[in-house]
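Numbering (my numbering), first residue to last: 21 to 316.
Everything on this sheet refers to the single structure shown next.
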Amino acid sequence: MLQRSLRQLQHVDTALVLLVDLLIGAELWMRNVRPIPVPAVACHAEVSDQSCLVASATQHHRMKPLADVVCGDGTIRFRTNSLGLRGPEPSIPAEQGTLRVLLLGDDTVVGAWLRDEHTLSAQLQRHLSDQLTGTVEVVNAGVPGYSPLLSRLQYEQDLAELQADVVVLHLDMSDVADESLYRASLRTEGSRPVCIHPVLSQPSSVRHPVVSLLRGSALVHALQEHLFRSQGDQASLDRYAWTRSSPGSVESQVRHTIDSVEQLHRSTQARRQMLIVTTAPVAWQVLAPDEQPQLC
């Protein structure tokens with residue numbers, strides 16, 4: 021009886037060893053096949069943009085300063101300056117006779133998937149240079165996942181010192197959903213508003229080694245992606261559920277977004293700068309799939 025029990029334990033031990041070997045082999049293979057996803061800093065920014073972002077105690081998140089950014093398949097590369105902006109270091113103040121335009125916004129403005137010469141800021145600079153005499157400088161201050169609230173905080177805390185002649189805020193309907201998220205983290209420190217990233221507002225705690233190991237596992241990430249893909253797709257659709265809700269709810273969320281634009285306007289007026297607001301919503305942001313026009 022005892023011998024049979026010992027043989028059974030040996031079989032169990034052998035099975036456990038084989039299972040551990042199998043899991044280790046699968047983990048090594050998975051790490052070789054696909055990289056571990058970068059932790060999300062801003063959930064409303066593209067996955068490919070997360071690596072260039074860092075959590076902020078005043079603006080929720082921002083671009084990493086003085087960083088070399090590689091996007092897509094590695095063909096798009098650019099460097100951020102000391103302010104965390106895409107492009108060369110701007111002089112303070114601007115050189116005499118230069119018309120400086122500060123371009124605020126989100127993914128559309130930063131254009132992480134575009135070469136430098138194809139970004140919105142570069143094309144605007146070429147257009148203005150062709151139309152005006154003198155030197156024109158367009159500063160690309162776009163940050164993935166931004167909304168008017170974060171652009172306003174970015175301007176007041178970091179970019180007002182650039183003394184731009186014109187400030188352009190580009191927004192679209194996705195900013196309304198983003199604004200609702202970030203307003204939940206809005207606080208007042210002294211006399212200034214700040215938007216604290218949740219990671220920085222939570223007390224630090226010692227993480228169990230097993231938890232750290234699982235969080236860094238490529239196999240666990242792949243399993244999570246498989247299990248929650250459908251939930252993620254639904255969450256993406258729900259991001260614009262406010263457009264299908266009651267008129268009162270839509271009006272409230274849009275009002276909050278406009279409030280941030282108006283506050284930015286007051287800040288630029290106080291510095292005698294012109295504020296221009298631009299927008300270019302696309303069909304999927306305002307229409308249900310069955311209502312969108314078919315493009316040939």
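Glycine included, C-beta positions come from ideal geometry on N, C-alpha and C.
This structure is a prediction, so every number in the text was calculated from the model and none was measured.
Subject >> Best match in Ala35, Thr288, Thr298 and Thr78 for proximity to Glu209 [C-alpha to C-alpha] >> reply: Out of Ala35, Thr288, Thr298 and Thr78, Thr78 has the C-alpha closest to the C-alpha of Glu209.
Original post:
Is the CB-CB distance between Gly165 and Ala46 below 7 angstroms?
Top reply: No; because the gap between Cβ atoms is not below 7 angstroms, this pair is not in contact.
Subject >> Asp126, buried or exposed, once every other Cβ within 10 Å from all chains shown has been counted against 16 >> reply: Burial is judged here by how many other beta carbons sit within 10 angstroms of a residue's own beta carbon; Asp126 has at least 16 and is buried.
Original post:
From this set, Val188, Val156 and Pro85, which residue's C-alpha is nearest Pro168's C-alpha?
Top reply: Minimum Cα distance to Pro168 is reached at Val188.
**OP:** Let me know the beta strand (DSSP E) ranges lying completely inside the region 122-175, each 3 residues or longer, listed in chain order.
**Re:** Restricted to the region 122-175, the beta strand (DSSP E) segments that are unbroken, complete and at least 3 residues in length are 155-162, listed in chain order.
Subject >> Residues sharing a beta bridge with Gln79, DSSP >> reply: Paired residues: Cys215.
Original post:
Does the distance from the CB of Val156 to the CB of Pro110 come in under 7 angstroms?
Top reply: The answer is no: Cβ separation not under 7 angstroms.
Subject >> Close-in-space but distant-in-sequence residues of the same chain around Leu206 (CB under 8 angstroms, 5 per side omitted) >> reply: Closer than 8 angstroms at the Cβ level, and outside the excluded window around Leu206, lie Leu169, Pro213, Val214 and Cys215.
Original post:
Are the region 171-188 and the region 119-135 touching by the rule of at least three beta carbon pairs closer than 8 angstroms?
Top reply: These segments touch.
Original post:
Counting pairs of Cβ atoms below 8 angstroms between the region 191-201 and the region 93-113, do you hit three or more?
Top reply: The region 191-201 vs the region 93-113: no contact.
Subject >> Separation of Val40 from Thr34, as counted between CA atoms >> reply: Each residue's alpha carbon lies about 10 angstroms from the other.
**OP:** Pull up the CB-CB distance for Leu284 and Arg172, whole angstroms please, since I reckon it's below 8 angstroms.
**Re:** Right, the Cβ-Cβ distance comes to about 4 angstroms (below 8 angstroms), so this counts as a contact.
**OP:** Give me whichever residues DSSP pairs with Leu73 in a beta bridge.
**Re:** Leu73 pairs with Met83.
Subject >> beta strand (DSSP E) segment containing Glu209, residue limits >> reply: First-last of the beta strand (DSSP E) with Glu209: Leu206 to Glu209.
Subject >> Beta-carbon separation (whole angstroms), Val74 vs His80, contact threshold 8 angstroms >> reply: Rounded, the Cβ-Cβ distance is 11 angstroms, inconsistent with contact.
Original post:
If we count the other Cβ atoms within 10 Å of its Cβ and call it buried at 16 or more, is Leu17 buried or exposed?
Top reply: A question about residue 17 goes unanswered here, because the residues of the chain that appear run from 21 up to 316.
Subject >> Candidates Val219, Met193 and Leu48: closest to Glu271 by CA position >> reply: Ranking Val219, Met193 and Leu48 by Cα distance to Glu271 puts Met193 first.
Original post:
So which of Asp88, Val163 and Gln143 has the shortest CA-CA distance to His64?
Top reply: Nearest C-alpha to His64: Val163.
Subject >> Which of helix, strand or coil DSSP assigns to Leu295 >> reply: Assignment of Leu295 by DSSP, reduced to helix, strand and coil, places it in the strand class.
Subject >> Beta bridge counterpart(s) of Ile96 as assigned by DSSP >> reply: Beta-bridge pairing links Ile96 to Cys91.
Original post:
According to the neighbour-count rule (16 or more other Cβ atoms, all chains shown, within 10 Å of its Cβ), is Asp88 buried or exposed?
Top reply: Label assigned to Asp88: exposed.
Original post:
Since Val187 is in the beta strand (DSSP E), which residue starts that stretch and which ends it?
Top reply: Counted as a single uninterrupted DSSP element, the beta strand (DSSP E) harbouring Val187 occupies residues Val186 to Leu191.
**OP:** For Ser221, count neighbouring C-beta atoms within 10 Å of its own C-beta (all shown protein chains included) and say buried if the count is 16 or more, exposed if not.
**Re:** Counting Cβ neighbours within 10 Å, Ser221 comes out exposed, since fewer than 16 surround it.
**OP:** Using a threshold of 7 angstroms, state whether the C-beta atoms of Thr299 and Leu191 are closer than that.
**Re:** For Thr299 and Leu191, yes; Cβs fall inside 7 angstroms.
Original post:
Once you ignore the five residues that flank Val90 on each side, which residues in its own chain have a CB closer than 6 angstroms to its CB?
Top reply: Excluding sequence positions up to five before and after Val90, its CB lies within less than 6 angstroms of the CB of Arg97, all in the same chain and listed in chain order.
**OP:** Kindly indicate which residue of Met83, Glu176, Ser149 and Ala114 has the alpha-carbon position closest to the one of Val130.
**Re:** Residue Met83 is the option with its Cα nearest to Val130.
**OP:** Using DSSP bridges, identify the partner residues of Thr118.
**Re:** Answer is Thr155, bridged to Thr118.
**OP:** Name the residue from Leu295, Leu43, Ser68 and Val219 whose alpha carbon lies nearest to the alpha carbon of Leu134.
**Re:** Distances from the CA of Leu134 to each of Leu295, Leu43, Ser68 and Val219 were compared; the closest alpha carbon is that of Ser68.
Subject >> Continuous alpha helix (DSSP H) stretch holding Ala197: start and end >> reply: For Ala197, the enclosing alpha helix (DSSP H) covers residues Ser194 to Arg203.
**OP:** Report yes if the C-beta distance between Ser71 and Leu86 is below 7 angstroms; otherwise report no.
**Re:** No, these two residues do not count as a Cβ contact at 7 angstroms.
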